[in-house]
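Under mature numbering (1 follows the signal peptide of the UniProt record, and there is no 0), read the sequence shown as residues -29 to -1, 1 to 469, first letter to last. All C-beta atoms in this analysis are idealised placements derived from N, C-alpha and C, irrespective of residue type, glycine included. This report concerns only the one structure given below.
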Amino acid sequence: MVDVRKRLLTAVAATAVLGSLLTAAPASAAEAVDWKPCADAPEIDCGAVTVPIDWAHPDRGTTTVALARRKATDPQARIGSILMDPGGPGGSGVEEVKYGWTLSPEITKRFDTVGFDPRGVGASTQIKCGLDELIADHPVVPRNQAEFEQLAQYNRKLGESCARLTGPLARFGDTKSVARDMDTIRAALGDRKLTYYGVSYGTLMGQQYAELFPDKVRALVLDSNMDHSQFTTWGFLDSETQSVQAEFGEFAAWCGRTPSCALHGQDVSKLTRALQDKAARGELKDPQSGEPLTPLDLASIIRAHFYGPDWDLLAKTLKSFADGAKPAASAKLKDDIPVNTVFQSVFCDDWNLPVHNFAELETYRRAAAAFAPDVKVSSLGWAAITGCIGWPGQADNPQHPLRPHGAPPLLMLSSKHDPATPYSWSRAAARQSGSTLLTYDGWGHGAYFKKSQCVVTATDDYLITGKLPAEGTHCAAVEPGTAQARVAGPKPPSATAF
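So, in structure tokens, the structure goes:
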């Protein structure tokens, strides 16, 4: 089993009248997609579009963006296409659509579902980085200035290898470029206006599309929003950590009221803090491999179970750590952290979140641990900010308030207890843009996929007719482990980062 201290950082290193708007675009607008059955999923069509590497200088080379299409199930009711992205950055919309990621039957009946691999990702022309640089030893949580400099050197060498092996594309993975690619996709699909569902980091793509092409927006659903106005490194890490610690409190409360929880009747916080202390002493072992688990490893394991949420499995996992027993085979342990070398090439081009030295980073770590004693820090937030320390180049698409002037109203969704993109981020993005925010009063990441018919119906109505839910609408939580939570619903994407 690969050392999690490498895997965690390589995970980082590594969304009637409206129907009339979707009539075919002029043939000159873009070359139509040459669809063919996907080799590994013949019921799905695969294709691609060609876009400039550098949109400011289109004559300096091109790159390919891969697409996958699941045709509308009722051609007579078809409205157009819905472009979808699962987030990441680095998530593959092509693979997700191939293996069943869709919205509800009401949407799949009326829209072709089109997933895409953003530039640099998957079946698109890839951003490639050196394997030796990727797996090189490096400190994930520096203990002094020397280790801080080692981390910076690791990131710098990794970034340089990406540029060496990929060429110019490595410096143009930013989300503003992706948003421009999305307009090429829209035109190639034959849609005059874009219908889009983006979740997590996919919301930033939709936000920036609305800013760049407000007159080309039909309906944008942005689920679990990034807040690209988070200007400070501490503000970013603070909000990330606050959200994970708050969901831990929700998990502990659920165990207290749920007899089937493996930790029912125990002080869940006390047990977890004891595990954190044990990890800090180097005494906590992975029961499967025998490898030591650090506090950041434990934080990552806890956070991974919050996406669903998979609270029942988390309780069993924590109990197995406390008992020294082998956890359930389905537990989200170290091998569930994906290797994704695109993350830094995108994130560090979209965010300017500097950390100047070890003293500053250590101040952030200690401050987070002080108000988050159970999780210590958001492992995702930590990996994001430390992954850009020393990364070559500067952010070409840095933070700014969301201002989609001239775009029609957008619909934003958010769980009230989201471990990856805090509820406060969606509130801020909605406020900045004048969008309608629909709140799911439950838990987990990706509100559309939480078995709430209230969320699904309101979202579908907007996508089909353009009708927005009333401002301030809240949808009741679906309690994990209940019959309603087990009802089949739209299949969520498998991405586990932003």
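For the beta strand (DSSP E) that contains residue 23, what are its first and last residues?
12 to 23
Jot down the residue ranges of each uninterrupted beta strand (DSSP E) in the region 363 to 434, minimum 3 residues, whole runs only, in chain order.
382 to 388, 407 to 414
My output table needs one value for residue -6: the three-state DSSP class, helix, strand or coil.
For residue -6, the predicted model reports a pLDDT of 33, less than 50, meaning its position is unreliable; a value from the coordinates is still stated below. Residue state, collapsed to three classes: coil.
Let me make sure I understand the geometry here. Which of 149, 231, 161 has the alpha-carbon closest to that of residue 83?
161
Need the endpoints of the beta strand (DSSP E) that residue 55 sits in, please.
51 to 56 is the extent of the beta strand (DSSP E) around residue 55.
For a test of the three-state rule: what should DSSP assign to residue 8, helix, strand or coil?
Three-state DSSP puts residue 8 in a strand.
At what residues does the beta strand (DSSP E) containing residue 48 begin and finish?
Residue 48 -> no beta strand (DSSP E), and no H or E assigned at all.
Helix, strand or coil: which one does DSSP assign to residue 100?
coil
For residue 154 and residue 166, I'd like the C-alpha separation in whole angstroms.
11 Å
Exposed or buried, which one is residue 292 when buried takes at least 16 other CB atoms within 10 Å?
With 16 or more neighbouring CB atoms inside 10 Å of its own CB, residue 292 falls in the buried class.
Residue range of the unbroken beta strand (DSSP E) whose run includes residue 190
188 to 194
8 Å CB neighbourhood of residue 115 in its chain, flanking five on each side removed
Counting only Cβ-Cβ distances below 8 Å, and skipping sequence neighbours, we find 329.
Inspect the beta-carbon positions of residue 24 and residue 140 and report whether they are closer than 8 Å.
yes
Thinking C-alpha only, which one of 201, 62, 283, 223 is nearest residue 97?
62
Could you check which residue in 16, 133, 448, 191 has the C-alpha nearest to that of residue 431?
191
Spatial neighbours of residue 403 within its chain, please: C-beta separation below 6 Å, excluding the five flanking residues on both sides.
372, 373
So which of 175, 36, 326, 28 has the shortest CA-CA distance to residue 93?
Out of 175, 36, 326, 28, 36 has the C-alpha closest to the C-alpha of residue 93.
DSSP three-state label for residue 128, please.
helix
Using 10 angstroms around the beta-carbon of residue 218, count the other beta-carbons present and answer buried if the total reaches 16, otherwise exposed.
buried
When the Cα atoms are used, what is the spatial distance from residue 65 to residue 248?
42 Å
Measure the CB-CB distance between residue 343 and residue 216 and report whether it falls below 8 Å.
yes
As a quick exercise: from 455, 433, 452, 418, pick the residue whose alpha carbon is nearest that of residue 189.
433
Closest to residue 225 by CA distance: which of 213, 239, 327 is it?
Considering only alpha carbons, the answer is 239.
Cβ shell of residue 26 (< 7 Å), same chain only, five flanking positions each side left out
148, 151
Sufficient close CB pairs (3 or more, under 8 Å) joining the region 244 to 258 to the region 198 to 216:
no
In the DSSP assignment, what are the bridge partners of residue 82?
51
Distance CB(residue 266)-CB(residue 387) smaller than 8 Å:
no
Please classify residue 70: does DSSP put it in a helix, a strand, or coil?
coil
As a quick exercise: from 391, 380, 409, 320, pick the residue whose alpha carbon is nearest that of residue 359.
320
Three-state class that DSSP yields for residue 278 in the structure shown
Residue 278: coil per DSSP, three-state reduction.
Using a Cβ-Cβ cutoff of less than 7 Å, which residues in the same chain neighbour residue 412 once the five nearest sequence positions on both sides are dropped?
387, 445, 446, 447, 448
Distance between residue 104 and residue 362 (C-alpha atoms, nearest Å)
13 Å
Residue 58 to residue 390, Cα distance in whole Å?
The straight-line gap from Cα to Cα measures roughly 14 Å.
Roughly how far, in whole angstroms, is the beta-carbon of residue 339 from the beta-carbon of residue 208, given that I think they are within contact range, below 8 Å?
Between residue 339 and residue 208, the beta carbon gap of about 6 Å places them in contact (Cβ cut-off 8 Å).
From 45, 345, 172, residue whose alpha carbon lies closest to that of residue 80:
Residue 45 is the option with its Cα nearest to residue 80.
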